[in-house]
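Numbering (this note's numbering), first residue to last: 99 to 530.
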Ligand code: SF4
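In structure tokens form, the structure reads like this:
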């Protein structure tokens with residue numbers, strides 16, 4: 099009889115969440131590993147908007163809202179004047195699913211943010227009513243808060259994303275044996291319906307920003323094999339009949355000529371008009387006239403530019419990804435190529451350690467001169483990063499080690515008077 103594994107993408111407890119091309123992409127590679135090892139796979143994604151229980155309406159480009167319910171705030175958020183919600187399918191739907199499973203040998207849970215662990219906790223509680231199979235947790239939360247995850251009831255914490263490491267941890271900590279396969283793909287077949295695809299053409303990032311934890315997940319910057327990426331996209335375009343593709347790369351334009359350009363050309367030569375999106379920031383310094391024109395003709399619809407700050411000292415902390423003249427020239431090239439404010443968004447970071455409110459306002463004011471929408475990216479203190487250590491020194495009175503306090507929505511490092519009024523003002527000012 100085949101061994102069986104249950105994969106779970108848990109519900110999200112947070113102040114806000116919406117499906118902006120959001121899928122547990124890395125988790126699907128692990129599913130593929132089990133499939134290739136001939137395991138029976140059960141897969142439950144609480145965040146699936148195309149489930150028989152909940153058919154979420156698609157808005158623009160296949161995105162949309164999750165099923166959600168307002169829930170009581172944990173004590174640590176008692177002063178936050180926002181509703182706290184549980185996003186994702188109700189627990190009863192999961193219970194119904196579990197009741198149909200005959201046997202579970204191993205459970206795998208992913209978790210996308212450190213401060214989303216309440217979802218993992220809920221899933222463990224439910225699963226324990228059905229099985230005492232070992233529970234393995236991976237993803238951002240267990241990678242950055244391994245001890246916390248163990249205390250939650252996780253049996254095996256997997257840190258990072260290296261699948262070879264996963265196999266060796268798995269083989270040494272369970273009674274089962276997995277064979278390692280080095281050619282894996284995200285196993286999308288666990289979804290009956292999709293409204294978009296997400297893809298990575300690379301893993302990792304060549305930069306090292308103070309606030310970013312990417313090196314813990316992907317220590318190296320690695321380009322995927324071009325034909326693998328094209329095969330993956332083509333197979334799933336055919337199966338799911340979607341038009342929207344979001345790139346998850348962290349440095350998408352870094353090797354544009356030798357990599358992304360070739361991939362896109364192959365895709366559009368076969369598939370014609372598609373909509374491409376870059377929800378992760380792209381680096382303005384790479385956007386010359388030729389590249390801007392290529393993106394326009396290829397069908398890019400959503401471009402998010404990483405600006406972060408115009409403060410010179412902080413630019414160093416952002417790996418000098420940007421200087422102002424490069425940003426100006428990138429915007430000019432994009433507009434000349436035909437992109438409009440509807441397409442172009444600029445991310446700025448708010449709430450970095452030691453960053454005061456006025457510094458963020460200055461960056462917003464600067465960006466208002468340009469045809470781009472301004473997207474405030476609230477800083478989240480990620481354990482193990484340089485900025486986390488700086489934060490601990492600067493704010494010894496804050497409970498930064500508690501993952502819930504790492505939630506970017508609460509602007510954890512901002513403790514000044516009238517904080518929420520000022521944040522509302524900032525957000526409105528950036529929007530209008
Ligand atoms: S460029 Fe982006 S992904 Fe790369 S280190 Fe900086 S913040 Fe992280």
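Ideal placement from N, C-alpha and C gives every residue a C-beta, glycine not left out.
Note that this is a predicted model, so its numbers are computed, not measured.
Any non-hydrogen atom of ligand 1 within 7 Å of residue i CB
i, result
"residue 485", "no"
"residue 349", "yes"
"residue 78", "In the structure as shown, the chain begins at 99 and stops at 530. Residue 78 is therefore absent and cannot be evaluated."
"residue 209", "no"
"residue 306", "yes"
"residue 303", "yes"
Closest Cα partner of residue i within the set the options
i, options, result
"residue 223", "189, 383, 173, 100", "189"
"residue 278", "286, 285, 284, 269", "269"
"residue 320", "294, 339, 348", "348"
"residue 274", "135, 439, 474", "135"
"residue 377", "519, 124, 106, 345", "345"
"residue 328", "291, 366, 350, 422", "366"
"residue 445", "373, 482, 406, 486", "406"
"residue 513", "177, 482, 200, 374", "177"
"residue 198", "229, 220, 412", "229"
"residue 337", "287, 353, 305, 424", "287"
"residue 350", "333, 383, 339", "383"
"residue 99", "132, 170, 201, 110", "201"
"residue 169", "180, 163, 159", "180"
"residue 481", "310, 352, 361, 353", "310"
"residue 289", "102, 132, 486, 334", "334"
"residue 318", "303, 435, 412", "303"
"residue 308", "326, 413, 388", "413"
"residue 530", "225, 500, 441, 465", "465"
"residue 210", "332, 121, 422", "121"
"residue 422", "430, 313, 408, 435", "408"
CB contact flag (residue i, residue j, <8 Å)
i, j, result
"residue 385", "residue 432", "yes"
"residue 283", "residue 330", "yes"
"residue 204", "residue 231", "yes"
"residue 271", "residue 254", "yes"
"residue 212", "residue 504", "yes"
"residue 301", "residue 285", "no"
"residue 470", "residue 439", "yes"
"residue 239", "residue 191", "no"
"residue 507", "residue 112", "yes"
"residue 452", "residue 492", "yes"
"residue 502", "residue 172", "yes"
"residue 139", "residue 185", "no"
"residue 396", "residue 374", "yes"
"residue 379", "residue 403", "yes"
"residue 340", "residue 292", "yes"
"residue 359", "residue 398", "no"
"residue 161", "residue 114", "no"
"residue 165", "residue 154", "yes"
"residue 107", "residue 208", "yes"
"residue 479", "residue 485", "yes"
"residue 449", "residue 509", "yes"
"residue 219", "residue 187", "no"
Beta-ladder partner(s) of residue i, from DSSP
i, result
"residue 465", "According to DSSP, which records beta bridges pairwise, residue 465 is partnered with nothing at all."
"residue 104", "140, 205"
"residue 374", "343, 398"
"residue 235", "207, 255"
"residue 148", "153"
"residue 300", "321"
"residue 162", "117"
"residue 380", "403"
Any C-beta of chain B under 8 Å from that of residue i
i, result
"residue 349", "In summary, chain B is missing from the structure at hand, where a single protein chain is found."
Assigned secondary structure, residue i (DSSP; H/G/I helix, E/B strand, else coil)
i, result
"residue 473", "strand"
"residue 114", "coil"
"residue 143", "strand"
"residue 177", "coil"
"residue 445", "strand"
"residue 388", "helix"
"residue 183", "strand"
"residue 478", "coil"
"residue 295", "strand"
"residue 290", "coil"
"residue 167", "strand"
"residue 406", "strand"
"residue 214", "helix"
"residue 504", "helix"
"residue 242", "helix"
"residue 421", "coil"
"residue 190", "helix"
Closer than 7 Å: residue i CB and nearest ligand 2 heavy atom
i, result
"residue 304", "The ligand content of the structure shown is limited to ligand 1, which means ligand 2 is not among them."
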